[in-house]
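Since the structure comes first, as C-alpha cells, the remarks are kept for the end.
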Amino acid sequence: MSSSPSSTQATESPGPGNGSGQLKGGAISALGAAVMAMAFMGPAAAVTFNTAPGAAKIGLALPLGILLAMLVCLIVAYTIGSFSSKLPSAGFAHTFNTAAFGKGAGFISGWILLISYGCVGAMLFSAFGAFGSEFLKTQFGWNVPWWVLSALIMVAVGLIGSAGISSSVKTSLIFLVLELGVLVALFVTITGKGGAEGNSLAPFNPANSLTGISGIGFGMLWGILMFVGFESAGTLGEETRDPRRGVPRALFIAVILVGIVYVFAGYAAAIGFGAGQVDSLAADASPWTTLSNTYWGADVAWLFALTVLNSQFANALAGSSAGVRTIFALGRERILHGRLGTTNRKDSPVAAWTAYMLLSAVLTFGLGALITPLSVYSFLGSLLALGIVILYIMMNVGLGRYYRRNFPEDYSVVRHRVLPAIGSVLMLLPIYGLLWPIPDWPFTLVPYILLLWVAGGAAYFFYLRKNHPERIEAMGRVWQPDNSQAERTVDAV
69 MSSSPSSTQA TESPGPGNGS GQLKGGAISA LGAAVMAMAF MGPAAAVTFN TAPGAAKIGL
129 ALPLGILLAM LVCLIVAYTI GSFSSKLPSA GFAHTFNTAA FGKGAGFISG WILLISYGCV
189 GAMLFSAFGA FGSEFLKTQF GWNVPWWVLS ALIMVAVGLI GSAGISSSVK TSLIFLVLEL
249 GVLVALFVTI TGKGGAEGNS LAPFNPANSL TGISGIGFGM LWGILMFVGF ESAGTLGEET
309 RDPRRGVPRA LFIAVILVGI VYVFAGYAAA IGFGAGQVDS LAADASPWTT LSNTYWGADV
369 AWLFALTVLN SQFANALAGS SAGVRTIFAL GRERILHGRL GTTNRKDSPV AAWTAYMLLS
429 AVLTFGLGAL ITPLSVYSFL GSLLALGIVI LYIMMNVGLG RYYRRNFPED YSVVRHRVLP
489 AIGSVLMLLP IYGLLWPIPD WPFTLVPYIL LLWVAGGAAY FFYLRKNHPE RIEAMGRVWQ
549 PDNSQAERTV DAV
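Read in order, the letters of the sequence shown are residues 69 to 561 in my numbering.
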C-alpha cells in the first residue's frame, strides 16, 4: 500500500510554546547537528567497548572491517540525506519509509527504531557505571557501586537534555573535542613507535580474518555499531536551520570525520598488539587499557580511562536525545500516548524525556541485576545494531521507489537504486556475522527478541487500523517548524 499524498505534505504546526508538539525550528546549525551525531557515536566509548568484540572473530583485520563499515555508512548517509532533503522530520526512518512503502512499513520502521534507540540509554548508563566504578577503585581505592554512578549520569543527562537541544549541543561539543584529542594522541603514539612489530598493511588484508568471511562480517557489525548514531542527525530535521541542506551535510561530516578516527583506531590496535599476538587482541576484554599502559605507561594511562567516561557521558546525552525524539514523533502521531508528543513552553519534549529516562532505568538496573553491566552494554548493543542495520536496508531499498514516484525529475538509477543496493548487499555481511556461528547465551536471544517485537508491532498496527484509522491515516506527516524562532534565540553551534 503506497502512502497517500497527504502523508508526506508539510503541515504547519501551531504556534510555539503551547505544548502542541512543536520543536524549536532553526535552533542549531548543520555543524550543531553533526556535533550531536558525532557525540552519539561516542568515539572513545565506541573504540573502547567495540574493539574487543569486533576483534574476536576478525582479529588482525579489524581496521578492514571498520573501513567496510564506514563505506556502508557513507552510502546510508547519502540515503538519509536524500530523504531529509525532501522530508525533514524528527520521525526519521518512520517518516521516510511511510513515504516510500506505505503505512504498514512506516509503522514497523518506527517500531524498530523505538526498540533500537530504546537500548541506547540503558547500554551506556550501564557501561558508565561499570567503567566508572572500576576507574575510581583503581585510581583512588574507592568502592562505589556501579549502579550509583549509573543513576547519577541518568539524572545529569535528563536535566541537560530536557533543557533543550541547544544546551545538549554545547555540552556535547566540549566533551567531543576533548575525547577526540586524547584518542588521536594515543593512536599517534602507537603508530609512531611502530607498534609491536612495525607498521604494515597486513591489517587491511582480508586473509588475516580469524574466521574468514564470517569474521569480516562480524567485524563489520561491530564497526557499524561504532558508527550507530550518525543517522540521528536525521531526527534533528525540525530543529536544524535549512534542514534540507543542513541535515545531509551533518551526516557526511559525522561519518567522514569520526570514520577516519575509527579506522585509525582499528589500525593502531592491530599493530599495537602485532600479528604475533593476534590471539591476545581477540581475547583481551580491555585491549585499550593494555595498549595505553604499554605505550603511555601506567602513570599516564588514567587519562585514557577518564576520556572514556567523558565519551560515555556525551554519547548518552546525544543518544538519549535521539531516542527521545523518536518517542516524541510517535507520540505526536498518537502511535504512542499523545502526551509524549507534546512540548513545554520552551519547546522541549519533557514528557518524552521523562518516559525515556524511566525506560532506561528499568533496563539498566533490571538487566544489570541479571547479568553484569558490561554484558548489558554488549547485549543491548547487539540488539541495537541488528535493528539499525535492518532500518538502513529498508531506507536504501525505499529511496529509489520514493524518488521515482514523487520526484521523477530528480531520479537517478545510479544514485537512488544502484548505490543503495550496494550498501544493502554489504550490510548482509554483518547480519550473517551476528547470526552465524550461533552466539553464546544471552546473545542468541537477540534475533528472537527483535522478531517478537516486530510481531507485536504488527499486531498493534492492525489494532490501530481497525479501531483508530485516523491515527494510521495521519502517519508520516512532515511538521514544518516555525523558523522565526531562530531569530528569537541565541544560536547553538
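Glycine is no exception: its CB is placed at the ideal position from the N, C-alpha and C atoms. Owing to the predicted nature of the structure, the values given are computational and were not obtained by experimental measurement.
Buried/exposed call for residue i, threshold 16 Cβ in 10 Å
| i | result |
| --- | --- |
| Leu-534 | Looking at the sequence shown, residue 534 is not Leu but Lys. It counts as exposed. |
| Val-493 | exposed |
| Tyr-146 | buried |
| Ser-480 | exposed |
| Phe-255 | buried |
| Glu-401 | buried |
| Ala-322 | buried |
| Pro-316 | buried |
| Val-430 | exposed |
| Pro-537 | exposed |
| Ile-281 | exposed |
| Leu-519 | exposed |
| Pro-476 | exposed |
Assigned secondary structure, residue i (DSSP; H/G/I helix, E/B strand, else coil)
| i | result |
| --- | --- |
| Thr-394 | helix |
| Ser-277 | coil |
| Pro-213 | coil |
| Glu-401 | coil |
| Ser-348 | helix |
| Ser-416 | coil |
| Lys-261 | coil |
| Trp-364 | coil |
| Lys-205 | helix |
| Leu-435 | helix |
| Thr-239 | helix |
| Val-296 | coil |
| Met-543 | coil |
| Leu-99 | helix |
| Asn-535 | helix |
| Ser-268 | coil |
| Ser-282 | helix |
| Ser-81 | For Ser-81, the predicted structure reports a pLDDT of 42, less than 50, and the residue's modelled location is therefore unreliable. The matter cannot be settled from this model. |
| Thr-422 | helix |
| Asn-525 | Looking at the sequence itself, residue 525 is Gly, so the reference to Asn does not match. Three-state DSSP puts Gly-525 in a helix. |
Chain-order list of residues whose beta-carbon lies under 7 Å from that of residue i (same chain, five-residue window excluded)
| i | result |
| --- | --- |
| Ser-177 | Ala-161, His-162, Asn-165, Leu-459, Met-462 |
| Tyr-445 | Phe-117, Met-191, Ser-194, Ala-195 |
| Glu-541 | none |
| Gly-189 | Ala-384, Gly-387, Ser-388, Gly-391, Tyr-424, Ser-428 |
| Asn-276 | Gly-127, Leu-128, Ala-129, Ala-270 |
Close beta carbons around residue i, own chain, < 6 Å, minus the five adjacent residues each side
| i | result |
| --- | --- |
| Phe-530 | none |
| Phe-175 | Phe-529 |
| Leu-135 | Val-331 |
| Ala-369 | Ser-360, Asn-361 |
| Ala-198 | Trp-214, Pro-441, Leu-442 |
Check: residue i C-beta below 8 Å from any heavy atom of the ligand GTP
| i | result |
| --- | --- |
| Val-323 | The ligand GTP is not part of the structure shown, which contains no ligands of any sort. |
Cβ shell of residue i (< 8 Å), same chain only, five flanking positions each side left out
| i | result |
| --- | --- |
| Glu-265 | Ile-339, Gly-342, Ala-343, Gly-344 |
| Leu-374 | Phe-203 |
| Val-457 | Leu-289, Ile-292, Met-495, Pro-498, Ile-499 |
### Task
Could you tell me which uninterrupted alpha helix (DSSP H) segments, each at least 4 residues in length, are contained entirely in the region 440-519, listed from first to last along the chain?
441-474, 487-503
### Query
Where are the alpha helix (DSSP H) runs, 4 residues long or more, that stay fully inside the region 102-186, in chain order?
111-126, 130-152, 161-169
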